[in-house]
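J.:
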Amino acid sequence: MRMRSILDSALRLACTPVADFPSPPKGRNCYYFIVENMAASPAKKHQQVASRHEGKFVKPGGEKLTTFEQQISQFLVDLESSQDLKGSLQELFVNEAKEMEVGGKNIIVLYVPPPQLRAWQKTHVRVVRELEKKLGGRPVIFIAKRRMLPKPTRKTIKLSQKRPRSRTLTAVHENMLADIVFPAEIVGKRTRVKQDGSRLLKIHLDKASQVNVEHKVEVFASLYKKLTGKAVSFEFPEPIF
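Residue numbers (our numbering): -9 to 231.
1. Tell me ILE176's beta-bridge partners as DSSP assigns them.
2. Applying the criterion that 16 or more other CB atoms from any shown protein chain within 10 Å of the CB defines a buried residue, is ASP232 buried or exposed?
3. With the cut-off set at 8 Å, would you say LYS135 and ASN85 are in Cβ contact?
4. Quick check: LYS95 and VAL209, are their CB atoms within less than 8 Å of each other?
5. Along the beta strand (DSSP E) that carries SER223, what are the first and last residues, could you check?
6. Of all the alpha helix (DSSP H) runs that stay within the bounds of the region 94 to 132, which reach a length of 4 or more residues?
7. Check whether the Cβ atoms of SER223 and LYS192 sit closer than 8 Å, and answer yes or no.
8. Using only alpha-carbon positions, find the residue among GLU122, ASN165, VAL177 and HIS194 that is nearest to THR218.
9. Anyone know if the C-beta pair for PHE172 and GLN106 falls short of 8 Å?
10. Which residues share a DSSP beta bridge with ARG189?
11. Does the Cβ of ALA87 have 16 or more other Cβ atoms within 10 Å, making it buried, or fewer, making it exposed?
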């Protein structure tokens, strides 16, 4: 058991930069000093830089909130204090907030953790309406902060498991589009190839959501173009029974 513990410590030592450890006192065995500090110092340091929790934000890498993000955080805290939203927003948080200029308009994009997206969408209508009031009518869009993995090649190191489809460029862009148009639902897609070779993706949204989102379709198209480089247009076709 002791031998296994020593081997585990040696393995961790090999993977840990020496700079993470304090210098041993004079006359102290360097090896045992490092082993003693191994569990405390690097782990503690990792926890400190892993995330920064402030208000309704959790920033990866210990990044500080921008002035704009602090403002958004306070707005969300105020919403959370309301009786009807307290239970819904208490466990939810945002990773990043950005103000973007697209299509001649300033819009607010809030990036949330993918596992929490569905919970955010349950209160989407109320939260977006209240935030847009506080932000002078600027559109607010919630998008899950998904991570793409590069396509494996012969030159890349063989991974222990295959790249999940959810981490591919196509899947991330498809899910991002669904996030942008929410609460509308995508019911169909068509790709139009023009004579110059450019592509236009025509998105069919459910007719029932037309009243709620039709005034935002230009914002949706401009934002998706800015984030992915892909041109899209939106239609509300009559349902076929």
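Where a beta carbon is used, it is the ideal one built from N, C-alpha and C, also for glycine.
T.: According to the structure shown:
1. Taking the sequence shown and counting its residues from 1, one reaches residue 176 at position 186. ILE176 is bridged to LEU195.
2. With the chain represented from -9 up to 231, any question about residue 232 goes unanswered, as that position is not in the structure.
3. Along the sequence shown, one-based indexing puts residue 135 at 145. Along the sequence shown, one-based indexing puts residue 85 at 95. Yes, Cβ-Cβ distance for LYS135 and ASN85 is below 8 Å.
4. Indexing the sequence shown from 1 puts residue 95 at position 105. Indexing the sequence shown from 1 puts residue 209 at position 219. Yes. Within cutoff.
5. Counting from one through the sequence shown, the residue named residue 223 turns up at place 233. Looking at the DSSP string, the run of the beta strand (DSSP E) that includes SER223 is 221 to 225.
6. Listed in chain order, the complete alpha helix (DSSP H) runs (minimum 4 residues) inside the region 94 to 132 are 107 to 112 and 114 to 124.
7. For the purposes of this step, residue 223 is taken as the residue at position 233 of the sequence shown. For the purposes of this step, residue 192 is taken as the residue at position 202 of the sequence shown. Inclusion of SER223 and LYS192 in the CB contact set at 8 Å is warranted, their separation being smaller than that value.
8. Here residue 218 corresponds to residue number 228 of the sequence shown, with the count starting at 1. It is ASN165 whose Cα lies nearest to the Cα of THR218.
9. Within the sequence shown, the letter at position 182 stands for residue 172. Within the sequence shown, the letter at position 116 stands for residue 106. In this structure, GLN106 does not lie closer than 8 Å to PHE172 by Cβ.
10. The count along the sequence shown starts at 1 and reaches residue 189 at position 199. Answer is VAL183, bridged to ARG189.
11. Start at 1 with the first residue of the sequence shown, and residue 87 comes out as number 97. So ALA87 counts as buried.
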